[in-house]
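Numbering (my numbering), first residue to last: 5 to 364.
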């Protein structure tokens, strides 16, 4: 399944596909005529989905993401290989196709699917949040591709170290020095593999520079820092905060935003952080919640009101058993209100996360 996009051109026409809710309930069959604007507005009042093209990335984004996890884990394990640049470009092509087909599912599944190394997942999340900001800014496809390329390669010289630091909070003195050096080392690896795109290389080299000049490796400030690098800085920080670590659970999006606009406000481009908030709100896809009926649910789509949560999809019942079929819940209705955020537990039954997004 994938989101169904409807506009006024459909008025007076027959629906070209069956329309379903996020939980897979048929609401309007293919061939049904949309008679007037009122009927169209009624259809558009909720998130609706249509069958995906099974011959494309729409068919099963989880399968495509698992392949991408494996590709990147292998690529990151041996960054000195000559075809590093080609591998990154191929991975970016896959990610961009997933983003175009169903950005919400791609983001949510990246957060929840088991499998990739922590640093690999982080780069993929940073890439998708960067794409979200860039799309909101109206960037053209080549610039968006540059953003994604930089995000997937920004830590290429220190992926092993980044994976180790996900499991502990305090790096050694030698590790701190390696962290300071990794942007330049990443650029060297990319250039040696044939990457000469200046915007890509600049974004990687500058992705730890701060607007107030306190960043590294060269202490650039303000407009000296490229726009792609500024976007990466915001996306990188946000992705790190909402992701769990061995020593702490995932933080809420609200906490992450408070961190960006509080602790980091002088260091980042606050206008870009504002765009990130406008794009994803406080409940980005992949956010897990407990409901008042004791079910466990997930946010599958960006909410229409960014500061309020309305529709979620339950996947575990009140006893922690997988529901036979994921069920859409309206959190404004009695019995389905959100009580608190949840996180993945080791004793959960196996969840087919793609089914939660309506993909068979």
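Quick reminder that beta carbons are idealized off the backbone N, C-alpha and C, glycines included. Note that this is a predicted model, so its numbers are computed, not measured.
Of 293, 11 and 65, the smallest CA-CA separation from residue 47 is found for 11.
Judged by beta-carbon spacing, residue 141 lies within the 9 Å limit of residue 279, meaning their Cβ atoms are closer than that value. DSSP places residue 13 within a helical segment (H, G or I) once states are collapsed to three. Going by beta carbons, residue 318 and residue 332 fall inside the 9 Å limit. The residues 30 and 53, in chain order, have a CB closer than 6 Å to that of residue 24 in the same chain once the five nearest residues on each side in sequence are set aside. The Cβ atoms of residue 72 and residue 51 lie no closer than 9 Å to each other. Proximity to residue 109 across 64, 125, 80 and 153 peaks at 64, based on C-alpha coordinates. DSSP, reduced to helix, strand and coil, places residue 222 outside both helices and strands of the structure shown, so it counts as coil. In the displayed model, residue 141 falls within coil according to three-state DSSP, outside both helix and strand. Sorting 219, 346 and 357 by C-alpha distance to the C-alpha of residue 255 places 346 at the top. The residue from 204, 197, 313 and 180 with its alpha-carbon nearest to that of residue 220 is 180. Counting along the chain, residue 278 sits inside no beta strand (DSSP E); it lies in the alpha helix (DSSP H) bounded by residues 274 to 284. Secondary structure of residue 334 (DSSP, three-state): strand. For the stretch 220 to 266, the continuous alpha helix (DSSP H) assignments of 4+ residues that do not extend past its boundaries occur at 231 to 246 and 257 to 265, in sequence order. When DSSP states are grouped into helix, strand and coil, residue 117 belongs to the coil group. Ranked by Cα distance from residue 68, the first of 120, 217 and 335 is 120. The DSSP-derived three-state label of residue 75 is helix. Of the residues 74, 246, 207 and 257, the one whose Cα lies closest to the Cα of residue 234 is 207.
Its Cα nearest to that of residue 106, the residue 135 stands out among 118, 126 and 135. When the Cα atoms are used, residue 37 and residue 14 turn out to be separated by approximately 9 Å.
At least 9 Å separates the beta-carbon of residue 66 from that of residue 354. In this structure, DSSP gives residue 186 a helical state, which the three-state scheme calls helix. Close CB contacts of residue 239 within its chain, under the 6 Å cut and outside five residues either way in sequence, are with 130, 133 and 134 (chain order). Non-local beta-carbon contacts of residue 122 in its own chain, meaning distances under 7 Å to residues more than five positions away in sequence, involve 167 and 170 in chain order. Secondary structure of residue 95 (DSSP, three-state): helix. When rounded, the separation of the alpha-carbon atoms in residue 222 and residue 213 is 7 Å.
Around residue 307, the same chain offers 285, 287, 313 and 314 as residues with beta carbons nearer than 7 Å, after the five sequence neighbours per side are excluded. Proximity of the stretch 151 to 160 to the stretch 293 to 304 falls short of the contact definition, fewer than three beta-carbon pairs being nearer than 8 Å.
Under the three-state reduction of DSSP output, residue 103 falls in the helix class. By DSSP's assignment, residue 24 forms a beta bridge with 30 and 53. Counting along the chain, residue 317 sits inside the beta strand (DSSP E) bounded by residues 315 to 320. The DSSP-derived three-state label of residue 303 is coil.
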